[in-house]
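Colleague:
Number of protein chains: 4
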Amino acid sequence: MDVREIEKRIEAVSTPPVNKVAVAYSGGLDSSLSIELLRRKYKAKEIVPITIDIGQGEGELAQSRRYAQALNIEPLLLDAKAEFANEWVSMAIKANASYEGYPVSTSMTRQLVARKVAEKALELGCDALLEGSSGKGNDQYRMHNVFTLFAPGLKVLVPVRDFDLTRSEEEVLSEAWGVPVAETLPGGDDKTMWCRSIASGAIDLNQEIPDEIWMWLVPPEKAKDEAETVKIEFAEGLPVALDGDRADLAELIALLNVIGGRNGIGLIDMFEDGIMDLKSREIYEAPAAKIILLLHRDLEGFCLTKDEILFKAGIDQKWAYMMYHGEAFHPLRYSLEAFINQTQKTVSGRYEVKLYKGNVEIMNRESETSLFSPEIRSIKAKGFDQRWCRNAAYVRGLPYQILAGRGRKK
Amino acid sequence: MDVREIEKRIEAVSTPPVNKVAVAYSGGLDSSLSIELLRRKYKAKEIVPITIDIGQGEGELAQSRRYAQALNIEPLLLDAKAEFANEWVSMAIKANASYEGYPVSTSMTRQLVARKVAEKALELGCDALLEGSSGKGNDQYRMHNVFTLFAPGLKVLVPVRDFDLTRSEEEVLSEAWGVPVAETLPGGDDKTMWCRSIASGAIDLNQEIPDEIWMWLVPPEKAKDEAETVKIEFAEGLPVALDGDRADLAELIALLNVIGGRNGIGLIDMFEDGIMDLKSREIYEAPAAKIILLLHRDLEGFCLTKDEILFKAGIDQKWAYMMYHGEAFHPLRYSLEAFINQTQKTVSGRYEVKLYKGNVEIMNRESETSLFSPEIRSIKAKGFDQRWCRNAAYVRGLPYQILAGRGRKK
Amino acid sequence: MDVREIEKRIEAVSTPPVNKVAVAYSGGLDSSLSIELLRRKYKAKEIVPITIDIGQGEGELAQSRRYAQALNIEPLLLDAKAEFANEWVSMAIKANASYEGYPVSTSMTRQLVARKVAEKALELGCDALLEGSSGKGNDQYRMHNVFTLFAPGLKVLVPVRDFDLTRSEEEVLSEAWGVPVAETLPGGDDKTMWCRSIASGAIDLNQEIPDEIWMWLVPPEKAKDEAETVKIEFAEGLPVALDGDRADLAELIALLNVIGGRNGIGLIDMFEDGIMDLKSREIYEAPAAKIILLLHRDLEGFCLTKDEILFKAGIDQKWAYMMYHGEAFHPLRYSLEAFINQTQKTVSGRYEVKLYKGNVEIMNRESETSLFSPEIRSIKAKGFDQRWCRNAAYVRGLPYQILAGRGRKK
Amino acid sequence: MDVREIEKRIEAVSTPPVNKVAVAYSGGLDSSLSIELLRRKYKAKEIVPITIDIGQGEGELAQSRRYAQALNIEPLLLDAKAEFANEWVSMAIKANASYEGYPVSTSMTRQLVARKVAEKALELGCDALLEGSSGKGNDQYRMHNVFTLFAPGLKVLVPVRDFDLTRSEEEVLSEAWGVPVAETLPGGDDKTMWCRSIASGAIDLNQEIPDEIWMWLVPPEKAKDEAETVKIEFAEGLPVALDGDRADLAELIALLNVIGGRNGIGLIDMFEDGIMDLKSREIYEAPAAKIILLLHRDLEGFCLTKDEILFKAGIDQKWAYMMYHGEAFHPLRYSLEAFINQTQKTVSGRYEVKLYKGNVEIMNRESETSLFSPEIRSIKAKGFDQRWCRNAAYVRGLPYQILAGRGRKK
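Chains as they are written, first to last, in numbering that gives the first Met the number 0: chain A, 0 to 409; chain B, 0 to 409; chain C, 0 to 409; chain D, 0 to 409.
#1: Report the three-state DSSP secondary structure of TYR283/B (helix, strand or coil).
#2: Assign GLN206/B to one of two classes, buried (16 or more other C-beta atoms within 10 Å of its C-beta) or exposed (fewer than that).
#3: Short of 8 Å in beta carbon distance, which residues of its chain neighbour SER366/D, apart from the five on each side in sequence? Order them along the chain.
#4: Mind listing the chain C neighbours of ASP306/A? Cutoff is C-beta to C-beta under 7 Å, in chain order.
#5: Should MET275/B be flagged as near chain D, meaning a C-beta pair shorter than 8 Å?
#6: Within 8 Å, do at least three Cβ pairs link the segment 120–135 of chain C to the segment 16–23 of chain C?
#7: Just to confirm my understanding: we take TYR393/C, look at its own chain, exclude 5 residues before and 5 after, and list those with CB closer than 8 Å. What are they?
#8: How many Å lie between ASP1/B and ARG166/B at the Cα?
#9: How would you call MET362/D, buried or exposed, if buried means at least 16 neighbouring beta carbons within 10 angstroms?
#10: Check whether the Cβ atoms of GLU271/B and LYS190/B sit closer than 8 Å, and answer yes or no.
#11: With DSSP as the reference, please indicate the residues paired to GLU220/C in a beta bridge.
#12: Let me know the secondary structure DSSP gives ALA327/D once reduced to three states.
#13: I'd like the span of the alpha helix (DSSP H) that includes TYR399/D, first residue to last.
#14: Which residues mark the beginning and the end of the beta strand (DSSP E) in which ILE92/C is found?
#15: Measure how close the beta-carbons of GLN385/B and SER104/A come, nearest whole angstrom, since I'm counting them as under 8 Å.
#16: Rounded to a whole number of angstroms, what is the C-alpha to C-alpha distance between ALA84/A and ASP52/A?
#17: Is SER196/B helix, strand or coil when you go by DSSP?
#18: Please name the residue, chosen from TYR140/C, VAL352/C, GLU45/C, ASP188/C, that lies closest to LYS289/C on a Cα-to-Cα basis.
#19: Give me, in chain order, the residues of the same chain whose beta-carbon lies closer than 7 Å to that of PRO102/B; leave out the 5 immediate sequence neighbours on both sides.
#20: Thinking C-alpha only, which one of GLU130/D, VAL88/D, LYS40/D, ALA79/D is nearest ASP29/D?
#21: Output needed in chain order: residues of the segment 366–377 of chain D with a Cβ under 7 Å from some Cβ in chain A.
#22: Which residue marks the beginning of the alpha helix (DSSP H) containing ASP163/A, and which one marks its end?
#23: Going by CA-CA distance only, name the one from LEU75/B, LEU70/B, PRO398/B, MET275/B that's closest to VAL180/B.
#24: At which residues does the alpha helix (DSSP H) containing TYR140/C begin and terminate?
#25: For GLU307/B, which residues of its own chain have a beta-carbon under 7 Å away from its beta-carbon, when the five flanking residues on both sides are left out?
#26: Thinking just about the alpha-carbon of each residue, which of SER89/C, VAL257/C, HIS143/C, SER196/C is nearest to the one in LYS154/C?
#27: I want to see whether chain D comes within less than 8 Å of THR147/B, judged by CB atoms only; does it?
#28: Quick one, are the C-beta atoms of LEU331/D and PHE371/B less than 8 Å apart?
#29: Note down, in chain order, all residues in the segment 387–398 of chain B with a beta-carbon under 8 Å from any beta-carbon belonging to chain C.
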C-alpha cells in the first residue's frame with residue numbers, strides 16, 4: 000500500500016472549513032491519527048482534544064497521555080467515572096440489561112463521552128466535533144445522535160469513515176506521519192468497568208478464543224478447584240455491599256470482576272445484530288455483570304409481583320435496545336427509566352453465593368421486602384380453605400364452557 | 000390424628016351422584032386414595048382408571064401397576080409419549096420455553112393427561128372425571144379447564160381439594176384403608192422426559208438441596224474432571240441428531256439428560272409465581288432442556304433477523320405463560336404457535352459443544368440458513384463504502400435536530 | 000315469589016359474627032337492603048354507613064339522603080370529587096383510557112370508594128366492611144382487592160352475592176321489610192362525571208336504545224343542525240381551559256358533557272369482556288370523554304416522537320386493563336403511571352374543534368412543544384440534500400441483500 | 000429557473016452504465032420525466048416501462064396510456080388488482096390496519112409494484128431498475144428494499160432523488176423536453192381502492208381542506224339528510240356480501256367507497272411519523288376502509304376471547320408498522336400473518352349499519368361463531384351460583400393479603 004495514494008484519496012475529499020475543533024481523544028489509533036488529519040487536511044486553527052475517564056483503567060489512560068505527548072497535544076481530562084457508575088451502569092442493573100445477551104456497555108460509554116465532548120465544545124466555542132469511529136460499526140450512529148442533540152449546528156467530522164480508511168491504511172498513514180500506534184487486538188479492545196468488548200466483529204465464526212485475550216477471566220477448565228463464597232447486599236435494585244462491607248458501585252464491580260473472573264465467570268460469546276441489522280460474533284468479558292445481573296433477576300423474582308416481572312421484561316428489552324441503538328437521550332428513555340426506578344423501590348435483599356468454575360450458585364437469600372409468603376398457603380386462621388379453590392377453578396373455567404359450546408376450531 | 004375424625008369430615012361433605020367415573024390414575028398417593036374414596040364416599044358404580052404414559056419412565060409405571068394390583072383395579076394404559084415429545088416438547092423448544100426460568104413441563108403434561116382422560120371418558124360413556132390435585136397448587140386449575148373443554152357437562156371430582164385433605168391426613172386414611180403409599184419427596188416428584196419437578200413448593204427458602212435428590216445430575220463440584228464434547232444438529236428449530244446419529248426427539252432428550260447430568264448441568268433453583276400469584280421456591284432438574292434451549296437460542300441468533308428475535312421474545316413469553324396457566328387449549332395458543340412455527344423454517348444448523356462441570360461452551364456453529372454474512376461489511380464489489388454511512392448517520396439523526404430545537408425536557 | 004322462602008334461605012346461610020360494620024352506602028337498592036340485612040341477619044351492633052361523593056350528581060345524593068332517612072341512618076358523607084378528577088380521571092386522559100373501547104369509569108370509582116370506606120372503617124374501629132355488589136359482575140372483585148389491601152383482616156360482607164339474591168328477590172324483600180326502592184334502569188345506571196354506565200349487561204344484543212335513556216346525548220339524527228365550535232387548551236396532557244376560560248378538570252368535563260351531548264357526541268355501544276372473561280354488550284354515555292380523548296390522542300401525535308407513541312400504546316393498554324380488573328392499587332400501576340406522567344411533560348397545545356351531529360372535526364391545532372417541523376424537509380441551509388437519502392436507503396436495505404442471498408423462504 | 004442550469008447539474012452527476020432498464024411507469028410526472036432522463040442522461044440502450052394496475056382506476060390508466068404515447072413508449076400492463084385485494088387489502092382488514100390511524104395503502108401498493116417490476120425485469124434480462132420517488136418521502140425506502148430482495152444485483156435508479164430535483168425543476172425540465180405533465184394536487188394524489196392519499200405532506204398544518212379535493216366524500220355538513228342502511232356479511236375476517244349480494248372484495252370496497260362517501264364517512268386528518276421519523280400532516284379519503292375496519296373490530300369483540308383481542312393489538316400494530324416502513328417482504332411479516340390468519344377462523348357474522356352524516360351506527364349484529372353467551376350468567380342449571388364468586392374473589396385477592404403485609408410502597 001502506497002502512502003501517497005492514500006494521501007491523494009484524502010486530498011480529493013472535500014471537507015468543510017473548520018476553526019476550533021473538539022476531539023473525543025482516547026489515545027487509540029483512530030483518535031491519534033485524527034489529530035494529524037486535523038492539522039494536515041482539515042487545516043483546523045485550534046484543536047481541543049478531550050479525554051473522558053469512564054473507568055477504562057489507569058493503563059489505558061497512561062498510554063493515552065504518552066501518545067498525546069508524542070502528538071504534542073494536551074488533552075483536557077474530564078472525570079465521568081462516578082456519573083457512568085451511578086447514572087448508567089446502575090440503570091443497566093435495574094433494567095437487567097441485555098441486548099440479545101449483551102449487557103450494553105460500550106453502547107453507553109460512547110454516548111456519555113459524546114455528551115461530555117459536545118457540552119465542553121459548546122462551552123469553549125468550538126465550531127466542529129471530531130470522533131474516531133469507523134464507518135461500518137455502531138459507534139458513529141451513537142455519537143452522531145448525541146452530538147446533534149447537545150451541540151446542534153456544529154460540524155461533525157468522522158475522518159476514518161469519511162475518507163473511507165481501512166485499518167491497514169490507517170497504520171500506513173500513521174507510520175508515515177509519525178503518529179504513535181499501540182498494539183491492540185484485531186477488532187479493538189474496549190474496556191469499561193461494566194464489560195470489556197474484545198475484537199468486536201473481528202473474531203471469525205468458529206475461531207477458538209485464546210486464553211491470553213482475557214483480562215480477568217480464567218476459563219472454567221483452568222480456574223481454581225476450590226469454590227469461593229461471597230455475600231452481596233442489594234438496596235432498591237443496586238448492590239451496595241460485598242461481604243458485609245459497604246462499597247460504592249464502581250468499587251464493588253471492580254472487586255467482582257476479579258473474584259468472578261478467577262472463578263471462571265464472565266465469558267459472553269454471542270451473535271449480535273448491529274445497528275445496521277448486520278450480524279457479528281461478539282466476545283465480551285464481564286464477570287461482575289454476570290454475577291450482579293443473575294442475582295438482580297433472582298431478587299426481582301423474590302420481591303416483585305408476577306405482573307411486574309412479566310411486564311417489566313418488555314420495558315427492559317426496550318431500554319437495552321435504546322442504549323444499544325444510540326438512543327440514550329431520546330425522550331422515551333426517561334419514561335422507561337421512570338417506570339424502572341419505581342419498580343425497584345422494594346428490590347432489596349442479601350445473597351450468599353458460591354462461585355465455582357463458571358457456576359454461580361445461590362446458597363442463601365434474605366429480604367425484608369419480599370413477597371415470598373409460604374405461610375399463606377397453610378395458615379387456616381387466615382381462612383384459606385382448599386375447598387374455596389373449587390369455586391375459584393370453576394369460575395376461572397367459565398370461558399371454556401363457552402368455547403366448548405362453540406366447538407373448538409383449530 | 001384420628002382417622003374417624005377425618006372420615007366424619009368427609010362424610011359431612013355433600014357430593015354429587017355419580018355413575019361411571021374416569022380417573023386420571025398415576026399410581027401416586029392422591030390417585031390411589033381417590034380410588035378408595037370413589038368406592039366408600041362417592042359410591043361410584045363403575046371406576047375407569049386411566050394411566051397416561053407421558054414418559055415418566057418405567058420405574059414409575061411399574062410402581063403404578065403394583066399399586067393398581069393392590070387396589071384391585073386394571074387401569075387402561077394410553078401411550079402419549081410420542082404426542083408429548085412431538086407436539087408439546089417440540090413447541091417448548093421452538094418457543095424457548097421459559098416461565099420465569101422454568102421450561103414448563105408438568106404444566107404441559109397435566110393438560111395432555113386431562114385431555115386424554117376426558118376424551119376416553121366421553122368415549123366410554125362416563126358421567127364424571129376424577130383427578131388427584133391438591134387445592135393449593137396449579138394443577139387443579141389446569142385440569143379443570145381441559146376437562147371443561149373436552150368433556151363439557153361431566154362432573155369433576157377433585158377429592159383432596161374438595162374434602163380439604165392435608166398430606167398427613169391422606170397418609171392416615173391410606174394406612175387405615177389399606178391403600179398403598181409410596182415414599183416420595185416431601186412436595187412430590189414429577190418426572191417427565193423434559194424436566195423433573197422436585198418437592199414443589201416444599202423446600203424451604205434457604206434449605207440446601209441434598210445430593211440424593213437428583214436423578215441425573217451430579218452437581219458441578221462433584222462432576223467428572225474431563226470435559227465432554229457432543230455434536231447436536233437442528234432442523235427447523237428442533238434437534239434431530241446427536242453426534243451424527245439421527246434420533247427422534249424423545250430419545251435425544253433421554254440421552255442428553257444423562258450426558259448433561261453427569262457434567263453438572265441441569266439444576267434450576269428459582270422463585271415461581273403460581274397461578275394464584277403466590278410465590279414458591281422451585282427446584283427442577285433438566286439437563287437436556289438446559290442444553291437444548293441454550294443452543295436453540297443461539298441458533299435463532301444465527302438464523303433469524305433482529306426484528307424476529309426481538310419480537311418473538313414477547314410471543315415466547317406469552318406461550319410459556321399460557322402453558323403454565325392451564326391455557327394450552329385456549330384459541331390464542333394456536334395463533335402463537337402459527338407464528339412460532341413460521342419463524343422456525345430457517346432455524347437449522349449444527350453445533351459442537353463442550354460440557355464441563357455445569358458449563359455449556361459452544362465450540363463450533365454451522366448453518367446453511369444463517370444470516371451471518373461478515374463479508375458484506377468488507378467486500379467493496381458490493382458497493383458498501385464507509386462514506387455512505389455518513390449520510391445514513393445524518394438521516395438517522397434528523398429527529399435529534401428537531402428535539403434539539405424544542406429543548407430537551409427531562 | 001314468597002318472601003318467607005327467601006328469608007329462610009338467608010337464615011340458612013352461616014355468617015361470621017360482626018360488631019361494628021362500615022357500609023359503602025350509595026342509596027341504591029343493594030346498599031339500602033343491606034342495612035336491613037345487617038340488622039336482621041348479621042345482628043350488627045353498630046352500623047356505619049358511608050357515602051362517597053365521586054360526582055354522581057346532586058340528584059343521586061338527594062335520593063340517597065331521602066332513603067337514608069327512611070332507613071333511619073345518617074351516613075357519613077366524604078367528598079372525593081376533587082380526588083377522583085385530579086388523580087383518576089386525569090390519569091385516564093393521559094393514558095388515553097380504553098379497555099376495549101370503554102374509557103374505564105365505574106371501574107375507577109368503585110376502587111376509590113372502597114379505599115375511602117376501608118380507611119374510614121379502620122379509623123373508626125370497625126371489624127367488618129359491607130358492599131352491595133351482585134355476584135356476577137365485576138365490582139365485587141374490584142372492591143374485594145381494595146378492602147384486602149387497605150383494611151387487611153376486616154371481614155368482607157357482600158350480601159347480595161353471599162345470599163345469592165336475584166334482583167326480584169331483593170325487591171320482594173325490600174317491600175316486605177319497608178326498604179325504599181328507587182326506579183332504575185334494568186341493569187342499573189352508574190353516573191360519574193367521566194362516563195355513565197347504562198343498563199350494564201342488561202340490554203339485549205340487538206335491542207334498540209330508546210332516546211329516553213340518555214342524560215346528555217341527543218342522538219345524531221335529532222341533534223341540532225348548526226355546528227358548534229369550541230376551543231380547548233391542554234397543558235402537560237390535561238385540558239385546562241375551554242373557550243379561553245381556565246377551568247378545573249371537573250368543571251371542564253361537566254361543560255363538555257353538555258356541549259358534546261347536544262351535538263350528538265358520546266354514545267359507546269360495545270362488547271366488553273368482563274373480569275370473568277364473559278362478554279356483555281355495554282352502553283355508555285360519555286360526551287366529554289369522547290372529545291377529550293380524541294384531542295389528547297391527536298396532541299400526542301403532534302408532540303411525542305414516533306417511538307413514544309407506539310411504545311406508549313402498550314403501556315396505555317395495560318393501565319386500562321389494570322383499572323378495569325380491580326388492580327388500581329397493585330404496585331405495577333404506579334410504575335405505569337411514572338412512565339405515563341414522564342411522557343406528558345411536552346403534551347401541551349390548543350385546539351379549535353367543530354362539533355356537528357356526532358362528528359368532532361379539528362379546525363386548528365397549535366403547540367409550542369410540538370415536534371412537527373415541516374421546514375426540516377425543505378431548508379437546504381440545514382444540509383438536507385435528497386441525495387443523502389440514496390445512501391440512507393442503501394444502508395437501510397443491506398439486510399435484504401443478505402436475505403436475498405439466503406433465498407426467501409415463505 | 001433556468002433549464003440549462005438544471006441540465007448542467009444533472010450532467011455533473013456520475014451515473015452507472017446501464018443497458019436495459021425496467022421502469023415502474025405510472026404516467027405521473029416523475030415516471031414520465033424519468034423516461035426522458037433514461038434517454039438523455041443514462042443513455043439506456045433499452046427501456047422497459049411497466050405499469051402495474053393496482054386499482055388506481057380507469058381514469059389514471061387512460062392518462063397513463065396517453066402520456067406513454069406522447070413519450071413514444073408502450074408500457075407493459077400487468078394486472079395486480081386481484082392480488083392487491085386478496086393478499087394485501089384482505090390482510091389489512093384482518094389486521095385492523097392502523098399505523099397511527101392510517102390504514103396503510105400506498106405503503107402496500109409501492110411494495111407490490113416494486114416486486115412485480117423486479118420480477119419482470121429479471122425475466123426480461125434487465126440490468127437496472129428505475130422508479131420515480133422523491134428523496135424526502137417514504138416510497139424510495141420501500142421500493143429499495145423490495146428491489147434488493149427480488150432483483151439482487153440490479154442497479155437501482157431513482158433520478159428525482161439522485162439528481163436532487165425539486166417539483167418545479169421537474170416541471171421546467173418537462174416543459175423544455177416535451178414531457179407531458181398532468182395537473183395534480185400539490186403533494187400528489189395516490190389512488191388505490193383501499194385509501195386515497197391526498198397532497199401528502201403538502202397541506203399546511205391548519206389549512207382548511209377544500210371540498211373539491213374529494214373523490215368520494217361529501218363532508219358531513221353537506222351530506223344528505225336521510226340515513227342509509229346497509230347490510231354487510233363477514234366470513235373468516237373478511238367482508239363477503241353487501242345487502243345480501245355476494246361480491247368479491249374489490250367490488251365490495253368500490254361500492255362502499257361510494258355509499259360511505261355520500262354519507263359523510265371517510266375523512267382521515269392526522270399526524271404521521273414518516274420512515275425518517277419526521278412528522279407530516281396527512282389527509283386520506285377512505286370511506287370503505289373506515290366502515291369495514293370499524294365493523295371488523297366490533298366483530299372481533301363478538302367472536303374472539305379477551306386474551307386474543309388484547310394480544311392481537313400488539314401483533315396488528317407491528318403488522319401495520321412493517322407495511323408502512325417498507326418491510327412487507329421481511330420474514331417477520333409472514334409470522335405475523337400466520338398468527339393473524341389463525342385468529343380469523345372464527346370471525347364471521349352479519350351486520351346491519353346505519354350511515355348518517357359521518358356516523359356509522361350498528362343496528363344489528365349476528366354471528367354463529369360468537370362467544371357472547373349472556374345465558375351463562377343466569378342459568379342455574381349450569382351451576383353458576385353467585386356464592387361461588389365469593390371464593391373466587393377471595394382467591395383472587397390473596398396477593399393483596401401479602402402486599403398488605405409488606406406495607407404498600409408508593
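Glycine residues also receive a C-beta, built at the ideal position from the N, C-alpha and C atoms.
Modeller: In terms of the structure at hand:
#1: Strand at TYR283/B.
#2: By the 10 Å Cβ count, GLN206/B comes out exposed.
#3: Taken in chain order, the residues that qualify are LEU298, PHE301, CYS302, SER347, GLY348, ARG349.
#4: Simply HIS329, LEU331.
#5: Yes, MET275/B counts as interfacial toward chain D.
#6: Short answer: they touch.
#7: Excluding residues within five positions, none has a Cβ falling inside 8 Å.
#8: Near 14 Å, if we compare the C-alpha coordinates of ARG166/B and ASP1/B.
#9: MET362/D should be labelled exposed.
#10: The Cβ atoms of GLU271/B and LYS190/B lie no closer than 8 Å to each other.
#11: None, per the DSSP bridge assignment.
#12: Looking at ALA327/D - three-state DSSP - the assignment turns out to be coil, as it is neither helix nor strand.
#13: Looking at the DSSP string, the run of the alpha helix (DSSP H) that includes TYR399/D is 397–405.
#14: For ILE92/C, there is no enclosing beta strand (DSSP E); the enclosing alpha helix (DSSP H) covers residues 89–93.
#15: In fact, because the Cβ distance is near 24 Å, the residues do not count as touching under 8 Å.
#16: In a straight line, the C-alpha of ALA84/A is about 12 Å away from that of ASP52/A.
#17: Strand.
#18: The shortest C-alpha to C-alpha distance from LYS289/C to any of TYR140/C, VAL352/C, GLU45/C, ASP188/C is the one to VAL352/C.
#19: Counting only Cβ-Cβ distances below 7 Å, and skipping sequence neighbours, we find ALA91, ALA96, TRP193, CYS194, ALA285, ALA288, LEU292.
#20: When each option's Cα is compared against that of ASP29/D, the closest is GLU130/D.
#21: Of all residues in the segment 366–377 of chain D, THR368, LEU370, SER372, ILE375 have a Cβ within less than 7 Å of some Cβ in chain A.
#22: Annotation for ASP163/A: no alpha helix (DSSP H) segment contains it, and DSSP assigns it neither H nor E.
#23: Taking the Cα of VAL180/B as reference, the smallest distance to any Cα among LEU75/B, LEU70/B, PRO398/B, MET275/B is reached at LEU70/B.
#24: Taken as a continuous stretch (DSSP letters only), the alpha helix (DSSP H) holding TYR140/C covers 138–149.
#25: Here the set comprises THR342.
#26: Closest option to LYS154/C, Cα to Cα, is HIS143/C.
#27: Taking CB atoms only, THR147/B has no neighbour in chain D less than 8 Å away.
#28: No.
#29: Residues of the segment 387–398 of chain B that bring their beta carbon within less than 8 Å of a beta carbon in chain C comprise TRP387, CYS388, ARG389, ASN390, ALA391, TYR393, VAL394, ARG395, LEU397, PRO398, in sequence order.
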